[in-house]
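Engineer: For reference, the structure I am asking about is given below.
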Amino acid sequence: MVRLMEINVVRSAEPTEQSYNVELENVTLLTVLNHIKTKIDPTLTYSHGCRSGVCGSCAVRVNGREVLMCEYKPVNGDTVEPIRNTRVIRDLVVDSSSIERFNATAKAWSEDSLEGNISDEEAHRIETQSDCILCASCYSACPVYAVNPDFIGPFALTRVWRYVNDLRETNSDAKIAAVQTNGIWDCTLCGECVPVCPQNIAPKQDITMLRMKSSMLGYQDPNAGVSFGGGLDFGSPMF
Amino acid sequence: MAKVLIIGSGGAGLVSALSAHESGAEVIIASKTLPTRSQTSMAQGGMNAVLGEDDSIQNHIDDTFRSSAGLGDEARITFMCEKAPEAIRWCNAIGLPFSRNESGEIARRRLGGASAPRACYAQDYTGLKLLHTLYDQCLKAGITFKNERFLLNLIVDEETNRVLGATFLDIESGDVEEIRADAVILSTGGYGGLYGKHSTNSVQATGDGLAAAVRAGAKLADMEFVQFHPTALKNSSILISESARGAGGYLLNGNKERFTDELASRDIVARAIHDEIASSGAVYLDIRHLGEKFINHELPQERKLAQIYEGIDPVYELIPIKPSAHYSMGGIEVDAHCMSSVSGLFAVGECANHKTHGANRLGGNSLLELVVFGLHCGANASEYGAKHPSPALDNHQLAKDTNFVRGVMYFTNQIDFYQKQEMLANIFYNNVGLIRDDMGLKAVLGAIRQMQRELPFMGPRDKSKTCNTNLVEFIEFGNKIELSEIIVVSAISRVESRGAHYRIDAPKRNDQMFGAHTITWKEDGVLCADFIQ
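These protein sequence lines map, in sequence, to chains G and Z. For the first sequence, my numbering gives the first residue as 1, with consecutive numbering after it. For the second sequence, my numbering gives the first residue as 240, with consecutive numbering after it.
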């Protein structure tokens, strides 16, 4: 017998938390929401597309953790809410313009790629990073946005590392300059972005690699400069 | 400077955008989603091109032409296959991370119907990585994106049959707006979404561009040809790439025996599976013998999808599969320059019919087509727009569509359109699917005509102005109804079997009567169809 499952959804209009009861078992959260929208409440609003984990449309938070609705199988009592650090447009749909904004600021693209052969192992170096689906789960999990809304952030920095670390890239050093301000040094390396990635990418690690590369090219951590190079003021106006 | 409006932001749209930009045009891309959320992200297998000595471009041409079952245009197939190596080099130069072979060359694998391994790939994420690479290049080029814009109609000057722009629903605000341009490119994807849960496609593949084109007076070609992919997961219709068979995967029937050539073209394999499911109850894909290491490296996505959606691990277990609607061969009729029968209106990619796939597409030829024809189309549209700037004519389309969006809220809602949509998907899969006959097709046509009459008694139940996805889905349903009539009328008219179109009541190919394209269009709202060479 299929048991009744209760799913709570945080919505943008009153009532802000709404419970739905569905008789479904062993299905994805997206299947549950599609059932609710087409059979119970057509006003429930969310984004979806491929239903197979590659289009990056359906990231939400369930019980406070980022998941793709098309990959997550819900259990009784789950609470679903929109991803964080961005404006909610309606219910689970959020403003995704930051994806374009941060990738453009970070210049996360190839300047020019060489044609020659590269070995499979060398190609493998950027395999995981180029699996990114821009679902913005990492962006939602990142605590830096609470203090710096202009932080370029995990997905865009992973993308920069994907191009910097690409052996075919002709001028990868030039790509480093764009991520110095509001970029790699603003990350706290807390690692919140890592477990939430549906594609098993570790942006924290990629940011660490970008820092090493930056140091090799002579860039410095500006925060280190403030605390020690600035005359040992320890942040106090007294000194 | 010509202003080019591109509608749809999948692979075809983004390649056209880069090409039009390169040709000096001002480019605007309007799309119902963020570009990286397009159907192209779901393409897995690869992109065909002859790169080595072990293969020849002529073989690629011959394979493609043979598979097209008489409906491929030899000149355009030759154009595509000859341009293929250049297309791969272009993708590599913008950074697409191709998989490599032992000698460090771009790796190639064999897909069905191909006489040699020639599908260049990036694991089983070829479409995803191509799409993202293109998106990054568009940001580099500073191309303007207008996302969350749902295409309502094309703006056409009736007297001169000239496209002037298009109208959109701004999904977030709920307002209707128009964008004028010197040339318009439709790159809105196919109509596989019509088959609902029996399709491998994204739910977004609702054929909006084709429906708008036919309303604007453009002609469509060969709409009855819908490719069924042989191996979709049984319960969810999620695609398992042909590369699984290309790498040596077997198809097994209910008695766990092989029953067909796994690498024949998709129409043949899909029908063999259909027959086998009917006789032995089930068909499975078996990739266990390929080993865990190979599967993790070459087919990582397949393993993950089978685990989530079927609850099985293909490293140790058989994958239950069924054929599902996958690709629309039919599309907007375009000439060799990718222009439709409306002046200044171009179409490219799956929404267009470039006559390269004919009655059956080969795996690896769709990504190729969108790159080759995308580059071609973007440059052509830019040139057209520069030579023929769009006149600033008054047009009623914006007022009409604004009224429609306002008025649709007063539709009566006595009938639930989601229920009708599900019914349409089911009757399409059963009667306009792999096996068709006159009676079944006519029954579906009757049901469609009934739904057309019932549309005013349906409508969105959500009355919100902001981000009303219920409204968007209702308009998409309207587009599906518009196209389904055309597909079924085309399928009824073609009383023969060819490629993906198999009529059990006329199982032979009949070149004398039907060796031509099914051209459909609307005159004063009335559907017309004809066979034209």
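No residue lacks a Cβ here, since even glycine has one placed at the ideal position from N, Cα and C.
Can you give the Cα-Cα distance for residue 9 of chain G and residue 20 of chain G, rounded to whole angstroms?
Structural biologist: Between residue 9 of chain G and residue 20 of chain G, the C-alpha separation is close to 8 Å.
Engineer: Could you name the residues of the segment 298-332 of chain Z whose beta carbon sits closer than 9 Å to any beta carbon of chain G, in the order they occur along the chain?
Structural biologist: Under the 9 Å Cβ criterion, the segment 298-332 of chain Z contributes 328, 331, 332.
Engineer: Drop a sphere of 10 angstroms on the beta-carbon of residue 752 of chain Z, count the other beta-carbons inside from all chains shown, and report buried for 16 or more, exposed for fewer.
Structural biologist: Per the 10 Å Cβ criterion, exposed.
Engineer: Report buried or exposed for residue 681 of chain Z, applying the criterion of at least 16 other Cβ atoms within 10 angstroms of its Cβ.
Structural biologist: Answer is exposed; the Cβ neighbour count stays below 16.
Engineer: What does DSSP give as the partner residue(s) for residue 418 of chain Z in the beta ladder?
Structural biologist: The partner list for residue 418 of chain Z (beta bridge, DSSP) reads Z:405.
Engineer: What are the start and end residues of the alpha helix (DSSP H) that includes residue 484 of chain Z?
Structural biologist: 482-485 is the span of the alpha helix (DSSP H), which, as asked, contains residue 484 of chain Z.
Engineer: Check whether chain G comes within 8 Å of residue 367 of chain Z, counting only Cβ atoms and requiring the distance to be less than that.
Structural biologist: Judged by the 8 Å Cβ criterion, residue 367 of chain Z is in contact with chain G.
Engineer: Pick out whichever of Z:712, Z:678, Z:277 has its Cα sitting closest to the Cα of residue 37 of chain G.
Structural biologist: The option with the nearest alpha carbon to residue 37 of chain G is Z:712.
Engineer: Ordered along the chain, which non-local residues of its own chain (more than five positions away) have a Cβ less than 6 Å from that of residue 651 of chain Z?
Structural biologist: The residues are 696.
Engineer: Ends of the alpha helix (DSSP H) at residue 164 of chain G?
Structural biologist: Segment 154-164, the alpha helix (DSSP H) holding residue 164 of chain G.
Engineer: Identify whether residue 124 of chain G lies in helix, strand or coil by the three-state DSSP scheme.
Structural biologist: Correct three-state label for residue 124 of chain G: helix.
Engineer: What are the boundary residues of the beta strand (DSSP E) that residue 329 of chain Z is part of?
Structural biologist: First-last for residue 329 of chain Z: 313-332, but that is the alpha helix (DSSP H), not the beta strand (DSSP E).
Engineer: My assumption, with CB atoms under 8 Å, is that residue 389 of chain Z sits in contact with residue 268 of chain Z. Please give the rounded CB distance.
Structural biologist: Not quite, the Cβ-Cβ distance comes to about 14 Å (not below 8 Å), so this is no contact.
Engineer: Can you check whether the C-beta of residue 379 of chain Z is within less than 8 Å of a C-beta belonging to chain G?
Structural biologist: Yes, contact with chain G.
Engineer: By Cβ distance, which residues of its chain are closer than 8 Å to residue 758 of chain Z, with the 5 residues on each side in sequence left out?
Structural biologist: Within the same chain, residue 758 of chain Z has close Cβ partners 458, 459, 460, 572, 768, 769, 770, 771.
Engineer: Can you tell which of G:6, G:45, G:165 has the C-alpha that lies nearest to the C-alpha of residue 710 of chain Z?
Structural biologist: For the residues G:6, G:45, G:165, the minimum Cα distance to residue 710 of chain Z belongs to G:45.
Engineer: Exposed or buried, which one is residue 69 of chain G when buried takes at least 16 other CB atoms within 10 Å?
Structural biologist: Residue 69 of chain G is buried by the Cβ-count criterion.
Engineer: Applying a beta-carbon distance threshold of less than 7 Å, which residues of chain Z neighbour residue 131 of chain G?
Structural biologist: Within 7 Å Cβ-Cβ: 364.
Engineer: Hey, would you say residue 121 of chain G sits closer than 8 Å to residue 76 of chain G, going by beta carbons?
Structural biologist: Going by C-beta atoms, residue 121 of chain G is not nearer than 8 Å to residue 76 of chain G.
Engineer: Taking contact to mean at least 3 C-beta pairs separated by less than 8 Å, is the segment 272-286 of chain Z in contact with the segment 630-650 of chain Z?
Structural biologist: No contact exists between the segment 272-286 of chain Z and the segment 630-650 of chain Z.
Engineer: Whole angstroms are fine: how far does the CA of residue 65 of chain G sit from the CA of residue 597 of chain Z?
Structural biologist: Answer to the nearest angstrom: the Cα atoms are 47 Å apart.
Engineer: What's the gap between the Cα of residue 494 of chain Z and the Cα of residue 729 of chain Z?
Structural biologist: The alpha-carbon atoms of residue 494 of chain Z and residue 729 of chain Z are separated by roughly 38 Å.
Engineer: Can you pull out the residues from the segment 431-452 of chain Z whose beta carbon lies closer than 9 Å to at least one beta carbon of chain G?
Structural biologist: Residues passing the 9 Å Cβ filter: 439, 440, 441, 442, 443.
Engineer: Assuming contact is defined by CB atoms lying nearer than 8 Å, are residue 347 of chain Z and residue 330 of chain Z in contact in what I supplied?
Structural biologist: Contact: no.
Engineer: Have a look at G:216, G:215, G:200 and flag the residue whose alpha-carbon is nearest the alpha-carbon of residue 543 of chain Z.
Structural biologist: Cα-wise, what sits closest to residue 543 of chain Z is G:200.
Engineer: Of all Cβ atoms in chain Z, is any one closer than 8 Å to the Cβ of residue 126 of chain G?
Structural biologist: At least one chain Z Cβ lies under 8 Å of residue 126 of chain G.
Engineer: For residue 76 of chain G, does the three-state DSSP call read helix, strand or coil?
Structural biologist: Here residue 76 of chain G sits in coil by DSSP.
Engineer: Can you check whether the C-beta of residue 394 of chain Z is within less than 8 Å of a C-beta belonging to chain G?
Structural biologist: It does not: the Cβ of residue 394 of chain Z has no partner Cβ on chain G nearer than 8 Å.
Engineer: Closer than 8 Å, CB to CB, is residue 24 of chain G near chain Z or not?
Structural biologist: False, the Cβ-Cβ gap to chain Z never drops below 8 Å.
Engineer: Whole angstroms is fine: what's the gap from residue 400 of chain Z's alpha carbon to residue 88 of chain G's?
Structural biologist: Near 42 Å, if we compare the C-alpha coordinates of residue 88 of chain G and residue 400 of chain Z.
Engineer: If you measure between the beta carbons of residue 406 of chain Z and residue 425 of chain Z, is that distance less than 8 Å?
Structural biologist: The answer is no: Cβ separation not under 8 Å.
Engineer: Quick check on the burial criterion: 16 or more other C-beta atoms within 10 angstroms. Buried or exposed for residue 141 of chain G?
Structural biologist: It counts as buried.
Engineer: If you measure from the beta carbon of residue 763 of chain Z to each beta carbon in chain G, is any gap under 8 Å?
Structural biologist: Not an interface residue.
Engineer: Report yes if the CB atom of residue 63 of chain G is closer than 8 Å to the CB atom of residue 41 of chain G, and no otherwise.
Structural biologist: Contact flag unset, no.
Engineer: Could you check how far apart the C-beta atoms of residue 468 of chain Z and residue 505 of chain Z are, in whole angstroms? I think they sit under 8 Å.
Structural biologist: That belief holds up - the Cβ atoms of residue 468 of chain Z and residue 505 of chain Z are roughly 6 Å apart, short of 8 Å.
Engineer: Excluding the 5 residues preceding and the 5 following residue 686 of chain Z in the sequence, name in chain order all residues of the same chain whose CB lies nearer than 7 Å to its CB.
Structural biologist: Here the set comprises 666.
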